[in-house]
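Novice:
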Amino acid sequence: QWRDHVMIAAHRAGSMQAGKTLYAENSLAAVEGSIATGAEIVEVDIRRSKDGEFIVMHDSWLDRTTNCKGEVVEYTLAELKKCRLVIEGTGAVTNETVSTLREMLLTTRDRILINLDNKLEVTDLPGMVAEARDLGMADQVIVKENLWNRQRIDAASAALAKAGGGFQFMPILADDAVHDAAFADEVDKVFAPRAIE
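Just so we're aligned, residue 5 is where the sequence shown starts under our numbering, counting upward by one.
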C-alpha cells in the first residue's frame, strides 16, 4: 500500500518541528505533536532499566535529556519514573517522565507506525517485538538494528527468527562503518527489507 509513497518519519518522537525544539525528545508529548502534524512514522530509541524493563531513551546517560544524572542502566524503572524529561536547548523541565516501551506502544497503537531503534544488543529484538505482539500491534512496528559485517547479519537473522514474523525490519548501514556497496546488496538479499537506513 505504501509503494511509490514517501513516508514522513519523526525522529526521536518528533521533538523538533519547523526547526525548533518544542518537546522533550522521545516523549509522549512529542509523539502527540508528530501525529497532529501528520507524520506517518515515529522513531524512538529503546534501552533497558537496571531491573530489565524496556524504556525509551536515546542516550546511555540521563544527563542531557532528563533532570537526573548518571547511566540509564544504573536506575530501576521506579527510579527512572522520578526523572523529568527536559527540552534540549532550553533546559526546560517538563512534567513527563521516562516512558516505558509499553507506554509508548499504547500511545501509538492504531494511530501511527512506530520505529524502534535498538540501542541494546541484537538479542533484545525479540523482547521488543514480544511487547508489541502482546498488545496486538506487531504489524505496526518497525525494528532497526545496525549491521556492519557478516557476523552482525547472522546475529540479526537469528534474533529475527526468534522474534517470529508479522513486523518490519529495517537494517541500519552507517556510512562510518560500512564502506562497501556490496555489503548493502548482501543485506538486501538476506532480509529483503522494505527500507534501509
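In this text, a Cβ means the ideal position worked out from N, Cα and C, and glycines have one as well.
A quick note: this is a predicted structure, and the numbers were derived from the prediction, not measured.
(1) From I74 to E125, what does the alpha carbon distance come to, in whole angstroms?
(2) Helix, strand or coil: which one does DSSP assign to R198?
(3) Along the chain, where does the alpha helix (DSSP H) that runs through Q155 open and close?
(4) In or out: H9 buried (at least 16 other Cβ within 10 Å) or exposed?
(5) Work out the CA separation of E135 and G168 for me, nearest whole Å.
(6) Please classify I59 as buried or exposed, where buried requires at least 16 other C-beta atoms within 10 Å of its C-beta.
(7) For the beta strand (DSSP E) containing D121, name the first residue and the last one.
(8) Looking at K85 and T101, is the spacing between their C-beta atoms short of 8 Å?
(9) Counting Cβ pairs, one atom from each stretch, are 3 or more of them under 8 Å apart for the region 144-154 and the region 165-184?
Specialist: Result, derived from the coordinates:
(1) What sits at residue 74 in the sequence shown is Gly, not Ile. Distance between the alpha carbons of G74 and E125 is about 20 Å.
(2) DSSP places R198 in coil when its eight states are reduced to three.
(3) Per DSSP, the unbroken alpha helix (DSSP H) holding Q155 starts and ends at 154-167.
(4) When all chains shown are included, H9 counts as exposed.
(5) C-alpha separation (whole angstroms): 12 Å.
(6) Result: buried.
(7) D121: member of the beta strand (DSSP E) spanning 117-122, first to last residue.
(8) Going by beta carbons, T101 and K85 fall inside the 8 Å limit.
(9) The region 144-154, when compared against the region 165-184, does touch it at the 8 Å Cβ threshold.
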